[in-house]
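In my numbering, the protein residues as written are 2 to 146. Ideal Cβ placement from N, Cα and C applies to all residues, glycine included.
Rendered as structure tokens:
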């Protein structure tokens, strides 16, 4: 016989499994070149379109713009994704130590002398505020979105 109670179950909400950046195949990283906190949404949209996750550098985590668990580097996490796209990341040695074993590194930075370009497979010298929206638009078009 069923136990009688005065409790009615209204809804059951499954908790989404937390994803960690260490296991991601694709990461899109926000660096200090991202000017405003709300611009993280653009980086996250690119990551989402690529089936990846968003990560950050230490200054972004310290500013409170992103969670510390999304920080890459010696004082953060070590990652080895198949693809990592850095956006406005200068490439401090502490950051590079946390991601230099990635299979393919694409770096976007307007400073052609940024240290990140020394470890990147592909270097895009330009304004991330022009490049990222263009990439998002092209990805959406290719997916028919």
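One or two residues paired with residue i in a DSSP bridge
i, result
"residue 72", "57"
"residue 28", "54, 85"
"residue 106", "85"
"residue 78", "73"
Reference residue i, options the options, closest by Cα
i, options, result
"residue 107", "35, 13, 27, 12", "27"
"residue 61", "33, 142, 100", "33"
"residue 78", "135, 22, 66", "22"
"residue 88", "64, 48, 98", "48"
"residue 135", "76, 39, 44, 57", "44"
"residue 137", "117, 50, 93, 104", "50"
"residue 102", "91, 80, 118", "80"
"residue 127", "97, 113, 70", "113"
8 Å Cβ shell around residue i - same chain, five flanking residues per side excluded
i, result
"residue 53", "25, 26, 27, 28, 29, 82, 84"
"residue 72", "56, 57, 58, 59, 61, 62, 78"
"residue 68", "62"
For residue j and residue i, the rounded distance between their alpha carbons
i, j, result
"residue 13", "residue 7", "17 Å"
"residue 130", "residue 95", "25 Å"
"residue 111", "residue 11", "53 Å"
"residue 75", "residue 86", "18 Å"
"residue 42", "residue 133", "11 Å"
"residue 234", "residue 46", "Lying outside 2 to 146, the shown extent of the chain, residue 234 is not represented and no answer is given."
"residue 70", "residue 40", "19 Å"
Same chain only: Cβ atoms within 7 Å of residue i, ignoring 5 sequence neighbours per side
i, result
"residue 121", "106, 107, 108"
Endpoints, beta strand (DSSP E) assigned at residue i
i, result
"residue 125", "123-126"
Residues near residue i in its chain [Cβ-Cβ closer than 6 Å; skip 5 each side]
i, result
"residue 143", "none"
"residue 115", "91, 92"
"residue 118", "108, 124"
Alpha helix (DSSP H) segment containing residue i, residue limits
i, result
"residue 93", "Unbroken run through residue 93: none, as it is neither H nor E."
"residue 129", "129-143"
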